[in-house]
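Taking it in order: structure first as structure tokens, then the write-up.
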């Protein structure tokens with residue numbers, strides 16, 4: 106492409122490329138308080154599209170949205186021992202409010218299990234109240250020592266689902282339903298990012314969970330990114346918050362719970378899973394702008410043709426923008442739209458129009474095709490579908506190529522420098538996992554023989570494999 | 106209605122009725138930190154519908170959504186003198202983060218002018234960057250001494266718009282565009298709540314604004330509720346944050362700004378503007394559930410008929426729920442749906458089905474009509490449109506009846522006990538406004554002769570009238 110040199114190249118400096126593309130595609134900026142982030146309109150439009158896609162899947166699973174307070178009494182967090190130990194070092198604490206020192210300090214939520222469960226205890230009385238399935242879209246704060254835009258920020262936006270069930274099996278099934286039907290489906294079919302699913306080792310588990318399920322993706326530098334998690338909480342919080350129900354048979358039982366979340370980190374994942382040296386490459390199903398109609402020169406009716414085309418494509422329900430900034434150079438505008446990763450560009454210029462054609466340019470492949478005006482509508486549909494498929498295929502092929510099966514710890518560590526290593530989980534025993542961690546490699550997930558899922562949560566056994574890699 | 110006695114009556118104790126209906130319709134609960142609120146699924150569904158309607162109007166006005174950090178350095182607020190003075194007593198202050206005392210305390214945003222304007226200063230360089238039109242949906246915290254669910258809460262959800270323009274006139278026009286085309290249109294045509302628009306007196310202005318425009322509505326107890334505000338900020342913040350642009354003629358100029366917001370308080374307004382002694386009455390355009398199909402008894406094919414009806418109405422794009430809880434008494438279910446204010450109830454029972462009819466019940470009028478099955482779809486459209494119109498008409502008539510023109514301060518104070526008093530604005534001079542305030546009455550807005558808008562912002566003049574009332 107003509108725009109080589111606009112960005113630091115990925116091969117040369119991947120983290121530098123990432124910073125560069127966030128700035129030049131105007132996705133985000135650092136906030137004044139260390140680790141905080143400003144999400145600029147284009148970055149936020151990507152997040153809004155993610156929200157819409159996730160939200161419809163969450164609602165289809167029977168989950169209702171609600172909203173719980175940002176501020177939580179410090180004492181709430183202390184009720185579940187493992188939970189408070191996990192989160193204490195990351196808390197932001199409000200000590201003053203309304204001009205006075207507070208009697209009890211309150212924390213800015215790092216996650217909402219504690220406050221939501223205190224209401225579950227009020228609202229759940231009988232088996233008729235179960236399952237209780239809630240979700241909230243909100244901001245959370247976890248003080249971040251090594252911040253990185255979208256990937257690790259002191260404040261981030263997310264959805265957090267919280268559910269209560271009558272039995273352990275109901276809770277497990279729901280946690281897995283969320284993992285596959287909400288998250289994996291969204292990542293595969295909208296983000297066009299293949300993921301490995303599995304469970305976390307004990308050391309990587311959510312504080313307070315009995316099992317943490319995860320979707321792990323591979324970025325274009327071969328490193329792993331945890332895309333979301335879905336936790337089985339067992340009865341740990343039910344006991345800490347005394348959430349009980351009267352069963353059908355008249356006994357009083359503690360509920361079984363889950364929680365699960367996906368965050369603005371996914372915007373970073375999208376950038377690093379598909380982006381190239383010219384900028385973002387957005388999958389059409391996710392892209393806030395799917396097509397830009399670029400008016401080359403406003404001459405000989407080109408302006409009217411471009412505007413009509415925009416109207417026609419919008420009528421089909423596509424997200425289309427017109428670029429009529431003919432006072433800015435053609436080359437610069439092309440570079441801009443490539444930076445922003447818009448999947449399809451239609452160039453409308455007086456020269457092509459003499460032959461009643463326009464030029465279709467796919468961002469993912471950078472192929473250009475001359476298309477008769479009357480065929481644009483049909484060709485656009487084909488091109489968008491093809492681009493969606495091609496991005497997934499490319500990412501899937503990349504993941505396959507960079508994932509190797511190895512035999513022992515030393516080979517796993519070596520292989521993890523380029524991608525993922527799959528190794529028998531038994532090598533993690535007797536300090537094996539700690540040894541990997543010391544080398545900057547971590548267990549991304551454990552997978553059982555069936556569908557990549559651990560068959561039980563009794564810990565590591567011979568049937569399990571561990572996927573290891575370097576992680577963001 | 107049969108359900109008299111479910112709620113405290115409005116006539117007897119309006120605040121008690123309000124608390125009662127929020128609890129029994131399951132809209133909200135108090136949070137553990139004083140003044141905070143849990144928005145339950147039904148309350149949140151109402152807010153989501155408000156967000157969708159406002160958001161589409163905001164985007165139609167050319168405004169893009171973005172997101173700015175929750176945490177703001179204390180020093181940012183101090184840059185605009187009037188602003189910090191107005192907000193200091195309400196701030197929540199974070200003094201500890203990541204296990205350590207912070208070098209500079211940070212505040213939880215009470216509103217985001219300061220942090221957003223610090224980025225405007227970076228992003229705005231030339232007249233080509235103007236107008237800059239941004240909005241964010243977020244939570245804010247203002248420590249509340251006299252909290253009341255939805256109306257005054259320590260944390261609330263809102264949208265806050267922030268814009269920068271090249272000229273004073275552009276900024277004013279935009280502030281008024283927001284007031285009328287975004288807010289007033291939404292309130293009138295979706296919420297079915299008539300509002301009075303006008304400007305605030307100096308003492309009621311937003312801290313840092315040169316003019317604050319407002320929509321004021323009347324609740325069913327005759328009290329006023331401020332529904333939203335739209336501020337002209339002049340160049341106050343532009344000077345404090347040094348937001349300048351290079352003009353077309355090459356001079357460096359400060360921008361002119363606006364900010365505007367509407368909050369979860371609107372849920373409270375909706376409850377108090379339309380509710381009656383049986384519960385909420387939601388206007389169909391806003392209602393999360395527009396129609397409930399209530400299966401009376403699952404016998405003689407009634408269940409199948411009900412399910413088919415739900416599918417048919419959903420296919421038309423209506424928001425429909427099926428109530429098939431035939432193990433709960435019919436009466437109790439009717440009370441529930443009336444509490445929740447669902448505009449239309451369709452009762453499907455074996456007895457009516459013998460004559461191939463169902464019963465349509467309008468929540469607003471409580472009228473019941475027997476309708477042949479084949480006519481349901483058409484009658485539903487009519488009934489929803491009629492209910493939307495009737496609620497607006499009733500509220501408009503109520504506002505008209507309770508608004509009186511009076512001559513002097515004493516009469517204004519008296520009249521404000523039942524509703525609004527309209528009085529020449531000149532009576533506010535020389536301590537007149539303070540006298541009203543001492544009597545618990547405040548100036549809700551100033552209106553000029555044209556379309557209820559103050560013609561200039563030079564303060565009070567003889568052409569202006571003041572609308573006074575008791576306020577939430």
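Residue numbers (this note's numbering), protein chains in the order written: chain A, 106 to 577; chain B, 106 to 577. Where a beta carbon is used, it is the ideal one built from N, C-alpha and C, also for glycine.
**Study point:** Of the listed residues 248/A, 572/A, 568/A, nearest to residue 541/A (C-alpha basis)
**Key:** Along the first chain, read from residue 1 onward, the residue named residue 541/A stands at position 436. Out of 248/A, 572/A, 568/A, 572/A has the C-alpha closest to the C-alpha of residue 541/A.
**Study point:** Per-residue burial, residue 123/B [other beta carbons within 10 Å of its own, 16 or more giving buried]
**Key:** Here the question's residue 123/B lines up with position 18 in the second chain. Residue 123/B is buried by the Cβ-count criterion.
Check your understanding: Using a C-beta cutoff of 8 Å, does residue 434/B count as contacting chain A?
Key -> In the second chain, the residue the question calls residue 434/B occupies position 329. For residue 434/B, the answer is no, since every Cβ of chain A falls outside 8 Å of its Cβ.
Exercise for review: Please check if any C-beta of chain B sits within less than 8 Å of the C-beta of residue 365/A.
Suggested key: Counted from its first residue, the first chain places residue 365/A at position 260. For residue 365/A, the answer is no, since every Cβ of chain B falls outside 8 Å of its Cβ.
Exercise for review: Answer yes or no: the CB of residue 286/B versus the heavy atoms of the ligand ADP, is any distance below 7 Å?
Suggested key: No copy of the ligand ADP occurs in the structure displayed, which carries no ligand at all.
Exercise for review: Let me know the secondary structure DSSP gives residue 279/A once reduced to three states.
Suggested key: Along the first chain, one-based indexing puts residue 279/A at 174. Helix.
Review point. Is there at least one Cβ from chain A nearer than 8 Å to residue 561/B's Cβ?
Key: As a first step, residue 561/B is located in the second chain; it is residue number 456 there, counting from the start. Reliability fails at residue 561/B, whose pLDDT of 47 lies under 50, so the model's placement of it is uncertain and the value that follows must be treated cautiously. No, residue 561/B does not count as interfacial toward chain A.
Review point. Leaving out five residues before and five after residue 419/B in sequence, what residues of the same chain have Cβ atoms less than 7 Å from its Cβ?
Key: Indexing the second chain from 1 puts residue 419/B at position 314. Closer than 7 Å at the Cβ level, and outside the excluded window around residue 419/B, lie 425.
Check your understanding: What does DSSP give as the partner residues of residue 177/B in its beta bridges?
Key -> If you number the second chain from 1, residue 177/B lands on position 72. Residue 177/B is bridged to 212/B.
Review point. Helix, strand or coil: which one does DSSP assign to residue 153/A?
Key: On the first chain, position 48 is the one that residue 153/A refers to. DSSP places residue 153/A in helix when its eight states are reduced to three.
Review point. Is the Cβ-Cβ distance between residue 352/B and residue 232/B less than 8 Å?
Key: Position 247 of the second chain, counted from the start, is the residue given in the question as residue 352/B. Position 127 of the second chain, counted from the start, is the residue given in the question as residue 232/B. Yes; because the gap between Cβ atoms is below 8 Å, this pair is in contact.
Check your understanding: Can you name the start and end residues of the alpha helix (DSSP H) that residue 264/B belongs to?
Key -> Reading the second chain from its first residue, position 159 is the one you call residue 264/B. Note, residue 264/B: premise wrong, no alpha helix (DSSP H); beta strand (DSSP E) at 260 to 270.
Review point. Between residue 410/B and residue 450/B, what straight-line distance do the alpha-carbon atoms span, to the nearest angstrom?
Key: Counting from one through the second chain, the residue named residue 410/B turns up at place 305. Counting from one through the second chain, the residue named residue 450/B turns up at place 345. Going by the C-alpha atoms only, they are around 15 Å apart.
Practice item. Name the two residues that bound the continuous alpha helix (DSSP H) containing residue 219/B. Key: As a first step, residue 219/B must be located in the second chain, where it is residue number 114. Looking at the DSSP string, the run of the alpha helix (DSSP H) that includes residue 219/B is 218 to 228.
Exercise for review: Check the Cβ-Cβ distances between residue 232/B and every residue of chain A, and say whether any is below 8 Å.
Suggested key: As a working note, residue 232/B is residue 127 in the second chain. No, no contact with chain A.
Check your understanding: Cα separation between residue 319/A and residue 549/A?
Key -> To locate residue 319/A, count along the first chain from 1; it is residue 214. To locate residue 549/A, count along the first chain from 1; it is residue 444. Rounded to whole angstroms, residue 319/A to residue 549/A spans 8 Å at the Cα level.
Check your understanding: How about the stretch 338 to 352 of chain A and the stretch 376 to 390 of chain A: do they share at least three Cβ pairs that are nearer than 8 Å?
Key -> no
Review point. Among the residues of its own chain, which have a CB less than 7 Å from the CB of residue 277/A, if the five just before and after it don't count?
Key: Translated into positions along the first chain, residue 277/A becomes position 172. The answer, listed in chain order, is 337.
Check your understanding: Can you tell me the Cα-Cα spacing of residue 84/B and residue 489/B, whole angstroms?
Key -> Absent from the structure is residue 84/B, since the part of chain B shown begins at 106 and ends at 577.
Review point. Based on the DSSP output, what are the partners of residue 147/B in its beta bridges?
Key: Here residue 147/B is taken as the residue at index 42 of the second chain, counted from 1. Residue 147/B is not bridged to any residue.
Point to revise | Beta-carbon proximity check, residue 190/B vs residue 247/B, cutoff 8 Å | key: On the second chain, position 85 is the one that residue 190/B refers to. On the second chain, position 142 is the one that residue 247/B refers to. Against a cut-off of 8 Å, the Cβ pair of residue 247/B and residue 190/B comes out as no contact.
Review point. Taking 8 Å as the CB-CB limit, is residue 201/B close to chain A?
Key: The residue you call residue 201/B lines up with position 96 of the second chain. Yes, because at least one Cβ of chain A sits closer than 8 Å to the Cβ of residue 201/B.
Exercise for review: List the residues of chain A whose Cβ lies closer than 9 Å to the Cβ of residue 342/B, in chain order.
Suggested key: As a first step, residue 342/B must be located in the second chain, where it is residue number 237. Chain A residues near residue 342/B: none, gap ~16 Å exceeds 9 Å.
Practice item. Identify whether residue 163/B lies in helix, strand or coil by the three-state DSSP scheme. Key: On the second chain, position 58 is the one that residue 163/B refers to. The answer is helix: DSSP assigns residue 163/B an H, G or I state.
Practice item. Return yes when the Cβ of residue 228/A is within less than 8 Å of the Cβ of residue 234/A, no when it is not. Key: Walking along the first chain from the start, residue 234/A turns up at place 129. Walking along the first chain from the start, residue 228/A turns up at place 123. Yes, these two residues count as a Cβ contact at 8 Å.
Review point. Which parts of the stretch 444 to 491 of chain B are runs of the alpha helix (DSSP H), unbroken and 4 residues or longer, counting only runs that do not cross its ends?
Key: 455 to 459
Check your understanding: Using a C-beta cutoff of 8 Å, does residue 175/A count as contacting chain B?
Key -> The residue you call residue 175/A lines up with position 70 of the first chain. Yes, contact with chain B.
Check your understanding: Over what stretch of residues does the beta strand (DSSP E) that includes residue 292/A continue unbroken?
Key -> Against the first chain, residue 292/A aligns to sequence position 187. Unbroken run through residue 292/A: none, as it is neither H nor E.
Review point. So what does DSSP say about residue 410/A, is it helix, strand or coil?
Key: The sequence position of residue 410/A within the first chain is 305, counting from 1. Residue state, collapsed to three classes: helix.
Exercise for review: Indicate whether at least one CB of chain B lies closer than 8 Å to the CB of residue 169/A.
Suggested key: Along the first chain, read from residue 1 onward, the residue named residue 169/A stands at position 64. Yes, residue 169/A lies at the interface with chain B (some Cβ there is under 8 Å from its Cβ).
Check your understanding: Within 10 angstroms of its Cβ, does residue 384/A collect 16 or more other Cβ (buried), or is it exposed?
Key -> Reading the first chain from its first residue, position 279 is the one you call residue 384/A. Buried, because 16 or more other Cβ atoms sit within 10 Å of the Cβ of residue 384/A.
Point to revise | Cutoff 7 Å; reference residue 438/B; Cβ partners in own chain excluding five residues on either side | key: Here residue 438/B corresponds to residue number 333 of the second chain, with the count starting at 1. If we look at residue 438/B and ignore the five residues flanking it on each side, its Cβ neighbours are 399, 428, 430.
Point to revise | Contact between the stretch 293 to 312 of chain B and the stretch 497 to 507 of chain B (3+ Cβ pairs under 8 Å) | key: yes
Practice item. Figure out for me which residue from 165/B, 115/B, 532/B has the closest Cα to the Cα of residue 306/B. Key: Counting from one through the second chain, the residue named residue 306/B turns up at place 201. Nearest option by C-alpha distance: 532/B.
Review point. If you draw a straight line from the alpha carbon of residue 266/A to that of residue 287/A, how long is it in whole angstroms?
Key: Translated into positions along the first chain, residue 266/A becomes position 161. Translated into positions along the first chain, residue 287/A becomes position 182. About 11 Å.
Check your understanding: Which residues does DSSP pair with residue 396/A in a beta bridge?
Key -> Here residue 396/A refers to the residue found at position 291 of the first chain. Answer is 425/A, 449/A, bridged to residue 396/A.
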